[in-house]
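Numbering of the sequence shown is given in the working numbering, commencing with residue 2 and proceeding in unit increments. Backbone N, C-alpha and C define an ideal beta-carbon position, used for all residues, glycine too.
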Amino acid sequence: MGRHHLTAPEFARYAGINESELIRAICNRGAIDGVSLPEALNHAPLSVRLWLREDVMLFTHALSRARAGRKYAKQNKYPH
Numbered sequence: 002m003g004r005h006h007l008t009a010p011e012f013a014r015y016a017g018i019n020e021s022e023l024i025r026a027i028c029n030r031g032a033i034d035g036v037s038l039p040e041a042l043n044h045a046p047l048s049v050r051l052w053l054r055e056d057v058m059l060f061t062h063a064l065s066r067a068r069a070g071r072k073y074a075k076q077n078k079y080p081h
């Protein structure tokens, strides 16, 4: 069985986002595309901060749904 936690670079890679975008969102205690970031397991420096793999998976699924919804809304903004 694999590890149950991810570092910031692993989080970004799994979620398919740029690492700098993730770090910026963490520093601003914010969200990416309207999806709140999961809580870290520790509040250590970013180089050693960890997230639960399951939380990252749930975040990634929510992010992809949010992005798909936004893309759908853009495509259907002007009916033919």
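Only counting the same chain, and skipping five residues up and downstream in sequence, which positions put a Cβ closer than 8 Å to that of residue i?
i: residue 19; result: 13
i: residue 47; result: 9, 24, 27
Quick one: residues in its chain with C-beta nearer than 6 Å to the C-beta of residue i, no 5 flanking neighbours on either side, listed in chain order?
i: residue 60; result: 39
From the DSSP output, in three-state form, read off residue i for me.
i: residue 57; result: helix
i: residue 48; result: coil
i: residue 42; result: coil
i: residue 2; result: Only weak support is given to the placement of residue 2: the predicted model assigns it a pLDDT of 40, under 50, and the value that follows is read from those uncertain coordinates. Reduced to three states, the DSSP call for residue 2 is coil.
i: residue 27; result: helix
Since residue i contacts residue j with CB under 8 Å, what's their CB separation in whole angstroms?
i: residue 16; j: residue 57; result: 7 Å
i: residue 54; j: residue 7; result: 6 Å
Buried or exposed: where does residue i fall if 16 or more other Cβ atoms within 10 Å of its Cβ makes it buried?
i: residue 49; result: exposed
Could you tell me the alpha carbon to alpha carbon distance between residue i and residue j, rounded to whole angstroms?
i: residue 24; j: residue 36; result: 15 Å
i: residue 5; j: residue 65; result: 22 Å
i: residue 30; j: residue 68; result: 20 Å
Among the residues of its own chain, which have a CB less than 7 Å from the CB of residue i, if the five just before and after it don't count?
i: residue 52; result: 6, 7, 12, 39, 41, 42
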